[in-house]
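Contents: one structure, followed by commentary.
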Amino acid sequence: SIRNIAGPPSPSWIFGNMLQLLLLPRYGEYEFEWSKVYGSVYRIKGCLGQNRLMVSDPVAIQYILNNPSFHVSPTIQAGMLLGVGPRSVVLRNGNDHRRLRASLNPAFTATAVRQYKPVFVKLARSITEQLNSCVAPSIDMCPLLSDATLKSISEVVFGCPVEDLGADFVEHNTRIVHLTSSQSAAQILFDALAGRLPQWLLNRLTYLPTKTFNALRAQLHFANREGWRLVREKTEAANLGLETNGDLYSVLLNSTRSENSSLREEDIVGQTSVIMIAGQDTTANTLAFGLIELAKNPQLQDSLRAEIHAALGTDHDNIPYDSMPMLNAFIKELLRMYPAEPLTERVASEDVVLPLAESIATTAGEQMNQIHIRKGEILMLAIASYQRMASRWGNDADKFRPTRWLDGTVHRGEAVGPYANLLAFHGGARTCLGWRFAVFEMQVFLCELVGRFSFSLPMDHFAEVRIANTLLPTDAQGGKRALLCVKHIL
Ligand code: HEM
Numbered sequence: 025s026i027r028n029i030a031g032p033p034s035p036s037w038i039f040g041n042m043l044q045l046l047l048l049p050r051y052g053e054y055e056f057e058w059s060k061v062y063g064s065v066y067r068i069k070g071c072l073g074q075n076r077l078m079v080s081d082p083v084a085i086q087y088i089l090n091n092p093s094f095h096v097s098p099t100i101q102a103g104m105l106l107g108v109g110p111r112s113v114v115l116r117n118g119n120d121h122r123r124l125r126a127s128l129n130p131a132f133t134a135t136a137v138r139q140y141k142p143v144f145v146k147l148a149r150s151i152t153e154q155l156n157s158c159v160a161p162s163i164d165m166c167p168l169l170s171d172a173t174l175k176s177i178s179e180v181v182f183g184c185p186v187e188d189l190g191a192d193f194v195e196h197n198t199r200i201v202h203l204t205s206s207q208s209a210a211q212i213l214f215d216a217l218a219g220r221l222p223q224w225l226l227n228r229l230t231y232l233p234t235k236t237f238n239a240l241r242a243q244l245h246f247a248n249r250e251g252w253r254l255v256r257e258k259t260e261a262a263n264l265g266l267e268t269n270g271d272l273y274s275v276l277l278n279s280t281r282s283e284n285s286s287l288r289e290e291d292i293v294g295q296t297s298v299i300m301i302a303g304q305d306t307t308a309n310t311l312a313f314g315l316i317e318l319a320k321n322p323q324l325q326d327s328l329r330a331e332i333h334a335a336l337g338t339d340h341d342n343i344p345y346d347s348m349p350m351l352n353a354f355i356k357e358l359l360r361m362y363p364a365e366p367l368t369e370r371v372a373s374e375d376v377v378l379p380l381a382e383s384i385a386t387t388a389g390e391q392m393n394q395i396h397i398r399k400g401e402i403l404m405l406a407i408a409s410y411q412r413m414a415s416r417w418g419n420d421a422d423k424f425r426p427t428r429w430l431d432g433t434v435h436r437g438e439a440v441g442p443y444a445n446l447l448a449f450h451g452g453a454r455t456c457l458g459w460r461f462a463v464f465e466m467q468v469f470l471c472e473l474v475g476r477f478s479f480s481l482p483m484d485h486f487a488e489v490r491i492a493n494t495l496l497p498t499d500a501q502g503g504k505r506a507l508l509c510v511k512h513i514l
């Protein structure tokens, strides 16, 4: 089994390969090399001598994501229980999860998402206003983007300006974003030790009054408080026959009134925290990486801007977002090179035979086209490595080159993931619910920002890609930052 599969040497018994994987200033420095040497399935060492399987093979990843025998790890479950609550979609399983997804889905279809356009446009323009009033030679785009994506969730999902959610809730949200952007060796070791405890004990541990646990607990408290307030106010408005503003919660509440609906008010309230966390910095950081890439490559920036100006030329209010080849190739390339969750882990809850697209060699030189996974073994889904496979994305897969989506370089095979064969939104039963929301929001924000401003790198430019729960753009000190010179052009 896993022990007989080849993999890189481990530099330490305590940390195994985990620091090389999770604590480098540049994400993937080792991982992307390992996948070239050992292929799409190889063994690494976790903390305290544990064996883990790194998997970027698309057939194996699909199998894992679709198979209920693989669970998220107990530490992640305990963290989610604390921060997003037991009623959130991420913690539901089996039929209950399917029922909730089916009820939430109508608010995330392509048609539903199109209706959120006025809010996306308004918020994109508010970034323009802030950039116009900025006199500094360079500006950190991260807070501006993060603020705008938070506001879009508040307006589109909850139907109210973010200020109405209460200063304490918004302040805590900022703290959570900050806390989840940090990573340390102690944290990696703590997760490994905690992962050996039974789930019930882990859940109890989260009652300890640490800074992180307190912040997560408070976040969930505020989310529940605000979620119930919104539901009460919307129900009262509906009873008075007042029109709602088409926000996602109103649409969902409306559907609870239909006779055969299985959606309940507590189901809706239970999504408040998860939607805020899942939809804010995932999208904001992807956009920040996009602006950095454009600043690095003026030619690419010019060609994207030319397409945007041509589209604006016809009708400012009806930009044909889906018919803009360069814009969409750019977004696909962003999600390919900077998947918000580049690495995730799953634990086998029973013995499973894992199928592979390509056979691998054992340390004894035997070829295997399937792997016997034992109950309790940990698999790391190497999403970012899959998205750099030369066989899928071309020999220059390590390079940011959006035109690969237009010139036939990208391999068009079986569908993996919901969008462009990418796994940035994962796939299977727990595919990102908000992927269409995110893609449309990015289309609108990019058209506004790249159409109106040119972006360049400051003289003392230093941008890296670090992992801390999600991928972050960072400065020389490892802080989350996307410092750019911004010039108004339109
Ligand atoms: C670029 C932006 C985004 C990326 C890359 C992204 C990625 C992901 C990924 C990888 C997952 C699966 C997590 C796991 O199972 O470990 C996920 C789940 C989820 N995402 Fe997103 N996401 C993005 C934006 C959004 C937005 C804007 C929303 C909502 C407005 C959203 C809502 C959700 C929800 C509710 C889930 C949980 C689904 C379930 O467990 O059934 N996401 N997302």
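Using the UniProt record's numbering, the first residue of the sequence shown is number 25, and each one after it goes up by one. A virtual CB, placed ideally from N, CA and C, is assigned to each residue, including glycine.
Which of helix, strand or coil does DSSP assign to R490?
strand
Alpha helix (DSSP H) runs wholly inside the stretch 377-449, at least 4 long, in chain order:
407-410, 414-417
Could you compute how far the alpha carbon of L446 sits from the alpha carbon of P35?
32 Å
Go ahead and pull the three-state DSSP assignment for H485.
coil
Going by CA-CA distance only, name the one from N91, Y66, H95, Q74 that's closest to D81.
Y66
Answer with buried or exposed for M165, where buried requires no fewer than 16 other C-beta atoms within 10 angstroms of its C-beta.
buried
Anticipated Cβ contact below 8 Å, A30 with Y62, distance rounded:
6 Å
As a quick exercise: from S25, K235, R27, Q86, pick the residue whose alpha carbon is nearest that of E438.
Q86
Hey, would you say the C-beta of F461 is under 6 Å away from at least one heavy atom of ligand 1?
yes
Alpha helix (DSSP H) containing F354: first to last residue?
349-361
For M78, which beta-bridge partners are listed by DSSP?
Y66, M404
Comparing C-alpha positions only, which one of I38, N269, P497, G458 sits nearest to P142?
N269
Since L254 and L128 should fall inside the 8 Å C-beta cutoff, what is the C-beta to C-beta distance between them, to a whole number of angstroms?
The Cβ separation is near 16 Å, so there is no contact.
Do R428 and G418 have their beta-carbon atoms positioned less than 7 Å apart in this structure?
yes
P349 and L430 closer than 7 Å at C-beta:
yes
Would you mind giving the Cβ-Cβ distance between T307 and A462, rounded to the nearest angstrom? I have them listed as a contact below 8 Å.
5 Å
Measuring only from the beta carbon, is I299 closer than 6 Å to any heavy atom that is part of ligand 1?
yes
Compare the Cα-Cα distances from G502 to each of S206, E283, A242 and report the closest residue.
S206
Could you tell me which whole alpha helix (DSSP H) segments of length 4 or greater appear in the stretch 219-269?
223-229, 235-263
Leaving out five residues before and five after V376 in sequence, what residues of the same chain have Cβ atoms less than 6 Å from its Cβ?
S93, I397
Own chain partners of R370 with C-beta closer than 6 Å, once the 5 adjacent residues on each side are dropped
I88, F94, L403
Straight-line Cα distance separating E401 from A372
6 Å
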